[in-house]
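A.B. asks: Encoded as C-alpha cells, here's the structure I'll be asking about.
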Amino acid sequence: MGLSIRIKTKKTMKTLKNFGYLLAALVTVWAMPATAQAPQPWQLNLQEAATPMAKRMGDFHDMLLWIIAAIALFVLVLLVWVVIRYNSKVNPEPSQFTHNVLIEVLWTVIPVAILVVIAIPSFQLLYYQDRIEEPDMTLKVTGRQWYWDYEYPDHEGIAFSSYALAEDEIDPAKNQIRLLSTDNVVVLPVDTNIQILMTGGDVIHSWTVPAFGVKIDAIPGRLNETWVRIEKPGTYYGQCSEICGKDHAFMPIEVRAVTKEEFEQWLVTAKEEFASIDAGFQPIRTAFLQE
Ligand SMILES: [Cu+2]
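Numbering follows the working numbering, with no gaps: position 29 of the sequence shown is 29.
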C-alpha cells in the first residue's frame with residue numbers, strides 16, 4: 001500500500017517536473033527579447049511598436065476597435081430585436097408610420113458625434129507623424145525597380161543600394177529571413193530623431209516598416225517626409241507596399257537599430273566601404289530614366 005502511494009507520488013512528481021520544464025520552455029520562448037521585428041506565422045495583432053509613432057498608432061487602432069465593436073454589437077441587438085418582436089407571426093398588423101423626427105435627428109447626430117470623436121485623435125496623429133521640427137540626422141531613401149537606395153547626407157554622404165538576398169544566399173545562422181533580409185542593411189542609431197526623406201527613382205514605391213509605424217510613398221519628382229525615433233536596438237523588417245512592377249515582392253527593407261556608440265563605429269567602416277555622394281556617387285540609373 002505504502003509502496004504504491006510512493007510510486008504514485010513519484011509519478012505525479014515526474015509529471016509535475018515535466019510540466020514545469022514545458023512551462024519554463026514556453027516562458028523562455030515568450031520572454032525572448034524582441035531582437036527582430038518581422039511577421040510571425042499565425043501572428044495576430046500588429047508588430048510590437050518600436051517608435052513613439054507606432055505606439056500612438058497602436059493606441060488609436062485599439063480605440064477604433066472598441067468603437068467598431070460597440071457599433072456592430074448595437075446593430076446586432078437592433079436586428080435581433082426586430083426579428084423577434086416584429087416578425088409576421090408576433091406582429092401581424094404592422095404600423096404604417098413613415099416619419100419620426102426624434103429618431104431621424106438621433107441617427108444623424110450620433111454618427112456625426114462618433115466621427116468627430118474619431119477625427120480629433122486621427123488628425124493629431126497625422127500631424128505628429130508628418131515631420132519633426134529639429135531632426136538629429138537625415139536618411140534619404142529612393143525607391144527603385146527593384147531595390148532601395150539609401151543616403152546619409154549628414155555623414156559625408158554615405159550612399160549604398162540595398163537588394164533582397166537571393167534564396168540561396170540566405171544564411172539561417174545569421175538569422176537571415178527569406179524575402180526580408182538584404183545585402184546592405186540600413187543602420188540607424190536608437191534614441192535619435194531621424195528625418196526620413198523619400199522619393200522614387202522610376203515609379204511609385206512605398207517604404208514600409210510596421211514596427212516604426214511608417215508607410216510612406218516614394219514618388220518620382222516629389223520629396224516626401226516623415227521621421228522615426230527608434231527606442232530599442234534590434235533588427236526591423238519591412239517591404240515595399242506600393243505595387244511597382246514585376247519584382248515588387250523582392251525589395252525588402254532591413255533596418256538595424258544600434259546604440260549611438262555602435263553607430264559611430266559603423267560610420268567609420270561604412271565611409272570606407274560605401275561610395276560617398278560627396279565623392280561623386282551616381283546612383284544606378286534605371287532603364288526608364290536612360291530612355
Ligand atoms: Cu517598390
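C-beta: ideal position from N, C-alpha, C; glycine also.
Hey, how far is the Cα of isoleucine 120 from the Cα of lysine 246?
C.D. replies: As a working note, residue 120 is residue 120 in the sequence shown. As a working note, residue 246 is residue 246 in the sequence shown. So the alpha carbons of these two residues sit roughly 40 Å apart.
A.B. asks: For glycine 238, which residues from the same chain have a beta carbon less than 6 Å from its beta carbon, with the 5 sequence-adjacent residues on both sides left out?
C.D. replies: Numbered from its first residue, the sequence shown carries residue 238 at position 238. Closer than 6 Å at Cβ, skipping near neighbours: Thr208, Val209, Ile253.
A.B. asks: Which stretch, first to last residue, makes up the alpha helix (DSSP H) that contains threonine 108?
C.D. replies: To locate residue 108, count along the sequence shown from 1; it is residue 108. Unbroken alpha helix (DSSP H) run through threonine 108: 101-130.
A.B. asks: Can the beta-carbon of valine 255 be found less than 9 Å from the beta-carbon of threonine 235?
C.D. replies: Here the question's residue 255 lines up with position 255 in the sequence shown. Here the question's residue 235 lines up with position 235 in the sequence shown. Yes; because the gap between Cβ atoms is below 9 Å, this pair is in contact.
A.B. asks: Please report the straight-line C-alpha distance between glutamate 104 and proline 111, rounded to a whole angstrom.
C.D. replies: Indexing the sequence shown from 1 puts residue 104 at position 104. Indexing the sequence shown from 1 puts residue 111 at position 111. Each residue's alpha carbon lies about 11 Å from the other.
A.B. asks: How long is the line joining the alpha carbons of valine 109 and leucine 115, rounded to whole angstroms?
C.D. replies: Mapped onto the sequence shown, residue 109 falls at position 109. Mapped onto the sequence shown, residue 115 falls at position 115. Each residue's alpha carbon lies about 10 Å from the other.
A.B. asks: Confirm, please, whether the CB-CB distance from alanine 164 to methionine 251 is below 9 Å.
C.D. replies: On the sequence shown, residue 251 is found 251 positions in, with the first residue counted as 1. On the sequence shown, residue 164 is found 164 positions in, with the first residue counted as 1. Yes, the pair counts as a contact, with Cβ atoms nearer than the cut-off.
A.B. asks: Is histidine 248 near ligand 1, going by C-beta to nearest heavy atom under 8 Å?
C.D. replies: As a first step, residue 248 must be located in the sequence shown, where it is residue number 248. Under cutoff, so the answer is yes.
A.B. asks: With contact counted as at least three CB pairs below 8 Å, one residue from each stretch, are the region 36-54 and the region 198-207 in contact?
C.D. replies: no
A.B. asks: Within 10 Å of its beta-carbon, does leucine 314 have 16 or more other beta-carbons around it, so buried, or fewer, so exposed?
C.D. replies: Lying before the first or after the last residue shown, residue 314 is absent from the chain, which here runs from 1 to 291.
A.B. asks: In the structure shown, what three-state DSSP assignment does proline 252 receive?
C.D. replies: Residue mapping note: residue 252 aligns to position 252 of the sequence shown, counting from 1. Looking at proline 252 - three-state DSSP - the assignment turns out to be strand.
A.B. asks: Count the C-beta pairs between the region 130-143 and the region 170-182 that are closer than 8 Å, then say yes if the count reaches three, no if not.
C.D. replies: no
A.B. asks: Taking 8 Å as the cut-off, is the beta-carbon of glycine 143 closer than that to any non-hydrogen atom of ligand 1?
C.D. replies: Reading the sequence shown from its first residue, position 143 is the one you call residue 143. Checking the Cβ of glycine 143 against ligand 1 gives yes.
A.B. asks: Buried or exposed for phenylalanine 274, please, with buried defined as at least 16 other CB atoms from any protein chain shown within 10 angstroms of its CB.
C.D. replies: The residue given as residue 274 occupies position 274 in the sequence shown. Result: buried.
A.B. asks: Taking the alpha-carbon positions, what's the leucine 267 to alanine 159 distance?
C.D. replies: Position 267 of the sequence shown holds residue 267. Position 159 of the sequence shown holds residue 159. In a straight line, the C-alpha of leucine 267 is about 11 Å away from that of alanine 159.
A.B. asks: Tyrosine 237: beta carbon under 8 Å from a heavy atom of ligand 2?
C.D. replies: This structure simply doesn't include ligand 2; it includes ligand 1 instead.
A.B. asks: Take tyrosine 86 and list the residues in its own chain whose beta-carbon comes closer than 8 Å to its own, dropping the five residues that flank it on each side.
C.D. replies: Taking the sequence shown and counting its residues from 1, the one referred to as residue 86 is at position 86. These residues qualify, in order along the chain: Pro94.
A.B. asks: Assuming glutamate 231 contacts alanine 50 (C-beta within less than 8 Å), just tell me the rounded distance between them.
C.D. replies: Numbered from 1 along the sequence shown, position 231 holds the residue referred to as residue 231. Numbered from 1 along the sequence shown, position 50 holds the residue referred to as residue 50. Going by Cβ atoms, the distance from glutamate 231 to alanine 50 rounds to 6 Å, so yes, they are a contact pair.
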